[in-house]
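Heads up, the thing below is written out as structure tokens.
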Amino acid sequence: MAMEALTFEQIKPGISRKRVADLQKKVNAIFCDFEFDQSDKDKPFLDFDEESLREKSKLMATISQKAKEKGIEDAVEMAYELEAKKLSPRLVQSALSVFLTHNEEARRLGVVVPPLALQSKFRRGERRAHRPHPVTAETLYGPGLIAYFREDYDLNDHHNHWHDVFPVPGIDDDSGGKKRRIQRQGELFLYMHCQMLARYNAESLAWGLDELSPFSNYDEIVKISYNPPSGLLELYSPRPANRGWFDINNPMIPGNTISPKRDLVKYRKNIFEDIEKGRFLTVDDSNVAGEYPLTEDNSMNTVGFVIEALNAELQEVADGVKPDRTLYGSLHNTGHNKFAEIGYTTANPLYGVMGYVAAAVRDHVFWRWHRHIDDFRRIIGSKYTHSLLTYKADAEICNLCIQPQNPSSNTPAGGVATYLCPPDIGLNEVNAKLRHEPYKWDITVKSTLPKSPTVTCPQVFTVRLFIVLETLIQDRNAWIEMDKFTVSLDKQQDTFTRMDLESAVARKVRPFKSDSRCSCGWPQNLMLPVGKPDGLAYVAFAMLTNDELGQDSETHSLSFCGVENDDYPDPRCMGYPFNKVWESRANSDASVESIVENQPHIKLSRFKIYRYIKTEVGEDEQKAGDLVHAFHTWMNVLEGKKGS
Numbered sequence: 001m002a003m004e005a006l007t008f009e010q011i012k013p014g015i016s017r018k019r020v021a022d023l024q025k026k027v028n029a030i031f032c033d034f035e036f037d038q039s040d041k042d043k044p045f046l047d048f049d050e051e052s053l054r055e056k057s058k059l060m061a062t063i064s065q066k067a068k069e070k071g072i073e074d075a076v077e078m079a080y081e082l083e084a085k086k087l088s089p090r091l092v093q094s095a096l097s098v099f100l101t102h103n104e105e106a107r108r109l110g111v112v113v114p115p116l117a118l119q120s121k122f123r124r125g126e127r128r129a130h131r132p133h134p135v136t137a138e139t140l141y142g143p144g145l146i147a148y149f150r151e152d153y154d155l156n157d158h159h160n161h162w163h164d165v166f167p168v169p170g171i172d173d174d175s176g177g178k179k180r181r182i183q184r185q186g187e188l189f190l191y192m193h194c195q196m197l198a199r200y201n202a203e204s205l206a207w208g209l210d211e212l213s214p215f216s217n218y219d220e221i222v223k224i225s226y227n228p229p230s231g232l233l234e235l236y237s238p239r240p241a242n243r244g245w246f247d248i249n250n251p252m253i254p255g256n257t258i259s260p261k262r263d264l265v266k267y268r269k270n271i272f273e274d275i276e277k278g279r280f281l282t283v284d285d286s287n288v289a290g291e292y293p294l295t296e297d298n299s300m301n302t303v304g305f306v307i308e309a310l311n312a313e314l315q316e317v318a319d320g321v322k323p324d325r326t327l328y329g330s331l332h333n334t335g336h337n338k339f340a341e342i343g344y345t346t347a348n349p350l351y352g353v354m355g356y357v358a359a360a361v362r363d364h365v366f367w368r369w370h371r372h373i374d375d376f377r378r379i380i381g382s383k384y385t386h387s388l389l390t391y392k393a394d395a396e397i398c399n400l401c402i403q404p405q406n407p408s409s410n411t412p413a414g415g416v417a418t419y420l421c422p423p424d425i426g427l428n429e430v431n432a433k434l435r436h437e438p439y440k441w442d443i444t445v446k447s448t449l450p451k452s453p454t455v456t457c458p459q460v461f462t463v464r465l466f467i468v469l470e471t472l473i474q475d476r477n478a479w480i481e482m483d484k485f486t487v488s489l490d491k492q493q494d495t496f497t498r499m500d501l502e503s504a505v506a507r508k509v510r511p512f513k514s515d516s517r518c519s520c521g522w523p524q525n526l527m528l529p530v531g532k533p534d535g536l537a538y539v540a541f542a543m544l545t546n547d548e549l550g551q552d553s554e555t556h557s558l559s560f561c562g563v564e565n566d567d568y569p570d571p572r573c574m575g576y577p578f579n580k581v582w583e584s585r586a587n588s589d590a591s592v593e594s595i596v597e598n599q600p601h602i603k604l605s606r607f608k609i610y611r612y613i614k615t616e617v618g619e620d621e622q623k624a625g626d627l628v629h630a631f632h633t634w635m636n637v638l639e640g641k642k643g644s
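Okay, so the sequence shown: first residue is 1 according to full-length UniProt numbering, each after it adds one.
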């Protein structure tokens, strides 16, 4: 007999449906009804600008205080009135996004930030949104070939929401009324973005492009331009070709305070040198100088929040002691701003997408800039070594396999399929939408304990899954995390099956929920990198560790989201075991394969990812009738690259 659907009152006992509906309606009005008019251009809000972030922090505190004193309805009403009085809509929406994402009462009621697709910062150009993205020479070569990846709506929504969950200004510390950073926030900033880079690099190589090069020469002239989709042209300026950073800043921007290039050169030099020296220079509240040692345990997190440039109050490494901001500055954020100001002109007074978390990933230079930022993480990882035996589970992996869930799949044996499907032009996607067939992992494990585990005394351990292009198997920075999960083995040997939708990396696909925080996982449609028509060789890696992941019924995308109001749920370093150099490779040319074959708790498995083109998709997705000429033109190019 079918189960009856739960009512609102059963899901949220004691909460008025009308109260929630009225409050959500007001929130929706703040995000969806206000347009970005000239008042926002006169004093624009930039997500990475230091002055903008200070204003955001102040407004977050004001909204939070109003909620504590008068309730959440009054806090939201205040935000609405501020926006109506022409306070920058971007500022109000950015501050309110963080508040609603983290506020306990908002989460209890189920009042959430509306999806990015409905927000005015995404749909200002709605009347032009269904025009095809122009096909130019740049569309057909280089980064233009993977524009579908950068312009993917779900990727942009992921990046936008992740920065709401882990905001630069921090979140309220209810115990003391101060702002605080989230535990391991700096480490997660570096790790989440390095995983984005690994995936982008895999996408590039699948099309025969070169590996991603870092933007590390601040005098470089960037040859390739970036033009936003037509639906976003009223919000962001194009970035012209053959332009680089301004030495000082863009003189056409009134009152421009973006730092000069020489400041970033100084910050980069100081950070690199002091990572190598194993310390940051500090100052306390009395401006007394000191040193803070960078250790194997703290360096990744500390360097992460210094580079991301969390608000000064969040950079405390001891009571009243912070890294000297005059030495280390705001490298990551200012780099974003230096790119964002390039396209600003008197005739078109708009910043580029690099100034905003909701759109920055659309520009190829985002990936080059973050590849440069990732150099700091790589230096830390190369300074230290670790043994693969330290957290070894007493179990052996007998078999590891990734395969389609559908036993009747037409994908060749030993492979899984990706599809280039029609893009959703209304969501400002271009060329194609990458998807994959449903897949699953099967992993067979056997206990090596002297006494077999039982139902009453199971053996508990964590399974860690990664993949990498076969050609990059020796590069620890190229491995892509696919999942991690804790299992209980209650017999000598068993096979565990893990579906793609269950991944601890991925954003969950499910009905509307009250907890918007758990939406910061990696997009489901991009979980598999694109393949090749004849199959692209990959290697899967599984490792069993003798630990348990923290459990949280609300947040399932643990790798990128963590757990609300608790420690990060994995006791190991993020990216383990690829976060540091393996001891067995530190002073030798030993290959990953030769090392792993002697480790029963680790298993490699080879498979292929195939690429197919779909011009029609299911009814729940884009309709075939929405295809546009630009899409077909690009598809003709893909047909010609069958061997790529």
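Glycine is no exception: its CB is placed at the ideal position from the N, C-alpha and C atoms.
Asked                                                                                                                                                                        : Found
Going by DSSP in three states, K18 sits in which element: helix, strand or coil?                                                                                             : helix
Check whether the Cβ atoms of T444 and Q493 lie closer than 8 Å to each other.                                                                                               : yes
Hey, P143 and H364: beta-carbon distance below 8 Å or not?                                                                                                                   : yes
Would DSSP call M482 helix, strand or coil?                                                                                                                                  : strand
How far does the beta strand (DSSP E) with V306 in it reach, from first residue to last?                                                                                     : Per DSSP, V306 belongs to no beta strand (DSSP E); it is in the alpha helix (DSSP H), 299-308.
Using a Cβ-Cβ cut-off of 7 Å (strictly less than) and excluding sequence neighbours within five positions of A537, which residues of its own chain qualify?                  : E470, R606, K608
Looking at the secondary structure, which residues open and close the alpha helix (DSSP H) in which G186 lies?                                                               : 185-206
According to DSSP, what are the bridge partners of P323?                                                                                                                     : T282
Which of the three DSSP states is assigned to E437 in this structure?                                                                                                        : coil
Using a Cβ-Cβ cut-off of 7 Å (strictly less than) and excluding sequence neighbours within five positions of H601, which residues of its own chain qualify?                  : K392, A393, A395, E396, I397, M543, L544
Where do the ends of the beta strand (DSSP E) carrying C398 lie?                                                                                                             : 395-404
Ignoring anything shorter than 4 residues or poking outside the region 368-398, list the alpha helix (DSSP H) runs there in chain order.                                     : none
May I have the straight-line CA-CA distance separating F189 from V288, to the nearest angstrom?                                                                              : 29 Å
Check for me: the alpha helix (DSSP H) holding D154 runs from which residue to which?                                                                                        : 153-165
Between F48 and N270, is the Cβ-Cβ spacing less than 8 Å?                                                                                                                    : no
Report the residue from G329, M354, Y328 whose alpha carbon sits nearest the alpha carbon of F339.                                                                           : M354
Please classify A360: does DSSP put it in a helix, a strand, or coil?                                                                                                        : helix
Please say whether P169 and S88 have beta carbons closer to each other than 8 Å?                                                                                             : no
Taking 6 Å as the limit between beta carbons, can you name the residues of its chain near V92, skipping five residues before and five after?                                 : A79, L82, E83
With distances taken from CA atoms, which of G550, L327, Y292, G304 is nearest D319?                                                                                         : Y292
In the DSSP assignment, find the unbroken beta strand (DSSP E) run with A537 in it and report its ends.                                                                      : 536-545
Roughly how many whole angstroms lie between the Cα atoms of R268 and G110?                                                                                                  : 43 Å
Going by the CB atoms, is the gap between H436 and V416 shorter than 8 Å?                                                                                                    : yes
Do you know whose CA, among E151, P438, I182, P412, lies nearest L501's CA?                                                                                                  : P438
Who are L469's beta bridge partners in DSSP?                                                                                                                                 : Y538
Helix, strand or coil: how does DSSP classify P89 here?                                                                                                                      : helix
Indicate whether H332 and P214 have their beta-carbon atoms separated by less than 8 Å.                                                                                      : no
Could you check where the beta strand (DSSP E) with S588 kicks off and where it finishes?                                                                                    : Careful: S588 lies outside any beta strand (DSSP E) and carries neither H nor E.
If we ignore side chains and look at the alpha-carbon of each, how far apart do L549 and E73 end up?                                                                         : 37 Å
May I ask you to list the residues that DSSP assigns as paired with C421?                                                                                                    : K433
Out of E220, H163, V321, which one is the CA nearest neighbour of residue 705?                                                                                               : Because the chain spans 1 through 644 in this model, residue 705 falls outside it and cannot be assessed.
Between G186 and S409, what straight-line distance do the alpha-carbon atoms span, to the nearest angstrom?                                                                  : 42 Å
Output the distance between the C-alpha atoms of I467 and Y610, rounded to the nearest integer angstrom.                                                                     : 15 Å
Helix, strand or coil: which one does DSSP assign to I171?                                                                                                                   : strand
Leaving aside the five residues before and after P114 along the sequence, list all residues of the same chain whose C-beta is less than 8 Å from its C-beta, in chain order. : V27, N28, F31, C32
Quick one: grab the DSSP three-state call for E291.                                                                                                                          : strand
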